[in-house]
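>
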Amino acid sequence: MSTIKLHDKYFKPFISKSQIDQAINKMAALMKEDCNGEVPIFIGILNGSFMFVADFIRAYDADCEVSFVKLSSYEGTGSLGKVKELIGLTESLEGRTIIILEDIIDTGNTLEEIFNIFKNQKIKELKIATLFFKPDVFHKSLPIDYIGISIPDKFIVGYGLDYNRLGRNLADIYQLTTQKMTNIVLFGPPGAGKGTQADVLKEKFNLIHISTGDVFRFNIKNETKLGMLAKSYMDKGNLVPDEVTIDMLKAEVDKNPNANGFIFDGFPRTESQAIELDNFLQEKGNAINGMVALEVPEDLLVARLLKRGETSGRPDDQDENKIRNRFSEYENKTAILKHYYEDQNKYYGVDGVGSIEEITERLITVFDKL
Ligand code: AMP
Numbered sequence: 280m281s282t283i284k285l286h287d288k289y290f291k292p293f294i295s296k297s298q299i300d301q302a303i304n305k306m307a308a309l310m311k312e313d314c315n316g317e318v319p320i321f322i323g324i325l326n327g328s329f330m331f332v333a334d335f336i337r338a339y340d341a342d343c344e345v346s347f348v349k350l351s352s353y354e355g356t357g358s359l360g361k362v363k364e365l366i367g368l369t370e371s372l373e374g375r376t377i378i379i380l381e382d383i384i385d386t387g388n389t390l391e392e393i394f395n396i397f398k399n400q401k402i403k404e405l406k407i408a409t410l411f412f413k414p415d416v417f418h419k420s421l422p423i424d425y426i427g428i429s430i431p432d433k434f435i436v437g438y439g440l441d442y443n444r445l446g447r448n449l450a451d452i453y454q455l456t457t458q459k460m461t462n463i464v465l466f467g468p469p470g471a472g473k474g475t476q477a478d479v480l481k482e483k484f485n486l487i488h489i490s491t492g493d494v495f496r497f498n499i500k501n502e503t504k505l506g507m508l509a510k511s512y513m514d515k516g517n518l519v520p521d522e523v524t525i526d527m528l529k530a531e532v533d534k535n536p537n538a539n540g541f542i543f544d545g546f547p548r549t550e551s552q553a554i555e556l557d558n559f560l561q562e563k564g565n566a567i568n569g570m571v572a573l574e575v576p577e578d579l580l581v582a583r584l585l586k587r588g589e590t591s592g593r594p595d596d597q598d599e600n601k602i603r604n605r606f607s608e609y610e611n612k613t614a615i616l617k618h619y620y621e622d623q624n625k626y627y628g629v630d631g632v633g634s635i636e637e638i639t640e641r642l643i644t645v646f647d648k649l
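Positions 280 to 649 (the numbering used here) are the ones given, in order, by the sequence shown.
1) Looking at C-alpha atoms only, which residue of N539, A408, E608 and I567 is the closest neighbour of T456?
2) Cβ atoms of L410 and D382: under 7 Å apart, would you say?
3) Just to confirm, does T475 get its C-beta within under 6 Å of one of the non-hydrogen atoms of the ligand AMP?
4) Assign A572 to buried or exposed, taking buried as 16 or more other Cβ atoms, counted over all protein chains shown, within 10 Å of its Cβ.
5) Within a Cβ cutoff of 6 Å, which residues of the same chain sit near N498, ignoring the five residues on either side of it in sequence?
6) Classify G592: buried if its beta carbon has 16 or more other beta carbons within 10 angstroms, exposed otherwise.
7) Using alpha carbons as the reference points, say which of A530, F541 and E531 lies closest to K481.
8) Mind pulling the beta strand (DSSP E) runs of 3 or more residues that sit fully within the region 382-439?
9) Counting only runs that start and end within the region 432-512, where is the alpha helix (DSSP H) found for 4 or more residues in a row?
10) With distances taken from CA atoms, which of D287, T613 and N624 is nearest N517?
11) If you draw a straight line from the C-alpha of I635 to the C-alpha of Q476, how long is it?
12) Under 7 Å Cβ to Cβ from D521, same chain only, skipping five residues before and after it: list those, please.
13) What would DSSP say about D557, mapped onto helix, strand or coil?
14) Select from R587, R605, A582 and F293 the residue whose C-alpha is nearest the C-alpha of G437.
15) Taking the C-alpha atoms as reference points, what is the distance between N443 and M330?
16) At a threshold of 6 Å, does P594 count as lining the ligand AMP (C-beta to nearest heavy atom)?
17) Within this structure, are the beta carbons of F347 and L325 separated by less than 7 Å?
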């Protein structure tokens with residue numbers, strides 16, 4: 280599940296189909312017990328409830344009848360307050376137990392209309408079941424007998440629910456995202472201290488740190504197919520091919536649909552990675568806020584990396600030739616990204632020489648602006 284766009288708005292994953300199934304199974308079992316052998320008539324409220332009703336009656340393990348009425352209450356992302364009946368019932372409900380199946384109850388306006396429709400029908404008993412319920416906005420004193428999942432007052436789509444007619448076909452539930460993410464590319468040559476600084480900054484700014492080098496090393500350690508592929512390039516200090524790296528990066532981002540934002544460390548490293556990242560974030564209604572670059576002279580970096588190689592266990596840190604090759608990859612393919620972000624007015628250079636704490640302070644001053 281990842282962020283989706285419907286019309287002009289973005290929606291992020293909220294409730295999975297398997298959570299929905301669990302709630303439905305519970306509701307069906309409870310209702311069967313309460314009906315105690317009697318055959319109920321389930322009445323679905325169209326359009327939104329069609330998926331819920333279809334799944335619900337399959338989970339209802341006893342005889343039942345099903346019918347639908349159609350009412351309209353939503354035009355956009357807010358409840359209009361007015362509800363009108365569109366299609367009424369034709370069959371007789373006299374003497375029967377009726378259980379209304381609603382996809383969602385929020386203000387309760389639709390529910391009130393339903394009560395008005397059914398109150399004159401000489402029904403034995405009228406019960407209300409809703410898959411989703413918004414307790415914070417419900418302002419009626421009508422009883423709701425069965426609630427699947429209570430949710431905060433968020434606009435949701437999927438599983439039969441729409442935003443201006445789109446989104447009903449989604450298997451899972453998504454919620455409207457209004458909050459923009461903060462996405463920062465932490466940039467600099469190998470050994471500039473990106474990883475060390477990202478560890479502090481991710482805590483301070485509540486961001487997810489994605490280091491493509493770390494993800495590759497994790498895969499190498501676990502001997503995955505991706506790890507084996509990456510190893511041959513990494514051991515020589517070469518870049519891993521773009522198509523492999525880009526797919527991996529996207530997968531890492533999609534693992535964190537609720538993130539406030541990301542610190543990208545070691546990505547992008549080529550212009551096509553930068554373009555792909557921009558496109559990928561744009562599809563989610565987001566963007567890179569800035570590239571924050573640690574600027575450190577090369578000789579200092581070689582010394583730092585050789586020192587790190589004494590303890591890091593990284594083969595690419597232990598041999599000066601490999602280190603020099605990483606710099607040449609950096610100079611040839613990566614350094615140009617400075618211009619890529621400068622052209623967008625998103626480049627922020629930070630002096631990367633000094634104590635770790637001093638450099639962190641400098642970075643925080645820049646991050647605060649982004
Ligand atoms: P790092 O830990 O960032 O120094 O990365 C170590 C190695 O992983 C690099 O020398 C590359 O072989 C590989 N790598 C990491 N990130 C990327 C990337 N964005 N594109 C290509 N290769 C990468």
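All C-beta atoms, glycine included, are put in the ideal place defined by N, C-alpha and C.
Model, not experiment: these values are computed from the prediction.
According to the data block:
1) Nearest option by C-alpha distance: N539.
2) yes
3) no
4) Per the 10 Å Cβ criterion, buried.
5) L505 and G506
6) exposed
7) F541
8) 404-412 and 425-429
9) 473-484 and 491-500
10) T613
11) 8 Å
12) T549, S551 and Q552.
13) helix
14) For G437, the nearest C-alpha among the options comes from F293.
15) If I take the Cα positions, the gap works out to 17 Å.
16) no
17) yes
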